[in-house]
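Engineer: If you read the sequence shown in our numbering, its first letter stands for residue 396, the second for the next number, and so on.
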Amino acid sequence: MMKRWKVKESSAGLAAILGDNLNILPLTAQLLINRGLADCGRASAFLSPELKDLHDPYLLKDMDRAVDRIVRALGDKEKIVVYGDYDVDGVTSSALLCLFFKELGCEPLSYIPQRQTEGYGLNAMAIKKLASEGVSLIITVDCGSGSADETALARSLGVDVVITDHHEMPDGAFASAALVNPKQEGCAFPFKGLAGIGVAFNLVVALRSRLRRGNFFGGADGQNATGGQHATGPNLKKYLDLVCIGTIADMVPLIDENRIFVSHGLRELNVASRPGIRALIDVAGVKPGRIDADAVAFQFAPRINAAGRLSEASAAFELLTTTDTHAAQRLARKLDSENKSRQKIEEKMLCEALAMIGQHATGGAGEVAKGLVLCSEKWHPGVIGIVASRLVERFGRPAVLIALENGIGRGSARSIRPFDMLEGLSACSSF
């Protein structure tokens, strides 16, 4: 579906003034005005994001409770699990928390569910297994907001759950030790569009601040999210490469904190201090020092995602956390191979979906149906989301693709504005 971009014109005089003040092209100034950034201060902050403009993480509801519980676990040397999701946002969030905890002298476990056998989010089988192994605290990243039953199960087994997530909040009470999600009711955090990695990074900033106040590092207190020597705790700036990758991959709007994360994270990526990042750069054929948002979105993210789509996301987690150069190279080659397999599967599925649309979802005048719902027993459940996205791009219609196996279907949905997919699916719940 071809698109033609048109610039919405407003006051040419205002665009000229803003352009002169910021030394930018009139077209750039007009686009900033169209985004509601008409004054020089806000426009300048958008073009040159600064770390000092990050919000206070304690504005996130329940952040104090989350930090209290984690500090107690650290002090009592409890067994902690970081429970993530198998996509890029979840894997980078898991890597961030585990690496940070290791700097605190803690050795947390990482648990990322298998997409095909366990599905998304907390599940009863995993919780029972972790409880039997002596885990007393689960910290979720990029998941948990829809897991009230599983959280209650964990509590009944003596396991506390700290949820950090960014997905839409369902109704109902939670038995969690803390629920940190900017989208929950009553949360004063001014920006609601964080990815899971953004919420996780705010947790790390808040936790470091609390530990500083308790003289955990033997230094003075401070609120600067990225400064500090060893005496005041880990320098968090080095984690912005992970925050950048997760933020871009999750396709959240690049405004407010997300824009700050990506702008400064790209600088960290171009330094490429992690063996895993250097290995990714190598297999992706990206020029070192020339990494931009496109390289992250179209070269790094698909390779990291491929592990969780076709096999185990743990390989991607290991790539981002290893300090061994040879291991990083081996893991990067594995992810590159899986990504090539994913591409072949995707193209085959797309051809089959297009054939179905041509046969069943096209009217006499060639008009495609207003919504696309397709299913097949031959489709891979780890790839249907990508194909659904490609159908939306091609036809401009909401799309639901379902992979059938043994009479059970697992689906993935993608929508267009202003169609509310959740509301649409809920309206079909009686069928």
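Note that the Cβ used here is the ideal one computed from N, Cα and C, for glycine as well.
Note that the coordinates shown come from a computational prediction; the quantities given were computed from them, not determined experimentally.
1. Are there 16 or more other CB atoms within 10 angstroms of the CB of N610, so buried, or fewer, so exposed?
2. How would you write the range of the alpha helix (DSSP H) that V530 sits in, first residue to last?
3. Under 8 Å, with one C-beta from each stretch per pair, do the stretch 677-693 and the stretch 469-480 reach the 3-pair mark?
4. Evaluate the contact criterion for the stretch 557-573 versus the stretch 407-423: three or more CB pairs, one atom per stretch, below 8 Å.
5. According to DSSP, simplified to helix, strand and coil, what is P813?
6. Going residue by residue through the stretch 538-609, where are the continuous alpha helix (DSSP H) segments of at least 4 residues, counting only ones entirely within it?
7. May I have the straight-line CA-CA distance separating G553 from K523, to the nearest angstrom?
8. For T757, is the classification buried or exposed, using 16 other Cβ atoms within 10 angstroms of its Cβ as the cut-off for buried?
9. Helix, strand or coil, according to DSSP, for S821 in the structure here?
10. Determine the extent of the beta strand (DSSP E) in which I475 is found, giving its start and end residues.
11. Does the stretch 592-600 come close enough to the stretch 447-459 to have 3 or more Cβ pairs within less than 8 Å?
12. I'd like to confirm the pairing. Which residues does DSSP put opposite T757 in its beta bridges?
13. Check whether the Cβ atoms of F712 and I640 sit closer than 7 Å, and answer yes or no.
14. Can you tell me whether A620 is buried or exposed, with buried defined as 16 or more other CB within 10 angstroms of its CB?
15. Go to A798, then tell me how far its beta strand (DSSP E) extends in each direction, as first and last residue.
16. Can you list, in chain order, the residues of its chain whose CB lies under 6 Å from that of G622, leaving out five sequence neighbours each side?
17. Within this structure, are the beta carbons of R737 and R704 separated by less than 7 Å?
18. Taking the Cβ atom as the reference point for each residue, do L602 and V462 lie within a distance shorter than 7 Å?
19. Would you identify the three-state DSSP class for L769, choosing helix, strand or coil?
20. Hey, L532 and R460 are a contact pair by Cβ (cut 8 Å); roughly how many whole angstroms apart?
21. Which partner residues does G671 have in the DSSP bridge list?
Structural biologist: Looking at the atomic coordinates:
1. Taking the sequence shown and counting its residues from 1, one reaches residue 610 at position 215. Exposed: under 16 other Cβ atoms inside 10 Å.
2. Start at 1 with the first residue of the sequence shown, and residue 530 comes out as number 135. Counting along the chain, V530 falls outside any alpha helix (DSSP H), and DSSP gives it neither H nor E.
3. no
4. no
5. Looking up residue 813 in the sequence shown gives position 418. Residue state, collapsed to three classes: coil.
6. 543-551, 591-608
7. By 1-based counting over the sequence shown, the position of residue 553 is 158. By 1-based counting over the sequence shown, the position of residue 523 is 128. Approximately 10 Å between the Cα atoms of the pair.
8. By 1-based counting over the sequence shown, the position of residue 757 is 362. Classification for T757: exposed.
9. In the sequence shown, counting from the first residue as 1, residue 821 sits at position 426. It is helical.
10. The residue you call residue 475 lines up with position 80 of the sequence shown. Counting along the chain, the beta strand (DSSP E) containing I475 begins and ends at 475-478.
11. yes
12. On the sequence shown, residue 757 is found 362 positions in, with the first residue counted as 1. Per DSSP, V763.
13. Along the sequence shown, one-based indexing puts residue 712 at 317. Along the sequence shown, one-based indexing puts residue 640 at 245. Their beta carbons are not under 7 Å apart, which means F712 does not touch I640 by this criterion.
14. Counting from one through the sequence shown, the residue named residue 620 turns up at place 225. Its pLDDT being 49, under 50, A620 is placed unreliably in this model, and the coordinates cannot settle the point.
15. Counted from its first residue, the sequence shown places residue 798 at position 403. Run containing A798: 794-800, per the beta strand (DSSP E) assignment.
16. Stepping through the sequence shown from its first residue, residue 622 is reached at position 227. Note that G622 scores a pLDDT of 47, beneath 50, so its modelled location is shaky and nothing firm can be said.
17. Taking the sequence shown and counting its residues from 1, the one referred to as residue 737 is at position 342. Taking the sequence shown and counting its residues from 1, the one referred to as residue 704 is at position 309. In contact: R737 and R704 (Cβ atoms closer than 7 Å).
18. Against the sequence shown, residue 602 aligns to sequence position 207. Against the sequence shown, residue 462 aligns to sequence position 67. In contact: L602 and V462 (Cβ atoms closer than 7 Å).
19. Within the sequence shown, residue 769 is the residue found at index 374, counting from 1. DSSP places L769 in strand when its eight states are reduced to three.
20. As a working note, residue 532 is residue 137 in the sequence shown. As a working note, residue 460 is residue 65 in the sequence shown. Contact doesn't hold; Cβ gap of about 13 Å is too wide.
21. What you label residue 671 is simply residue 276 of the sequence shown in a count that begins at 1. According to DSSP, G671 bridges with nothing at all.
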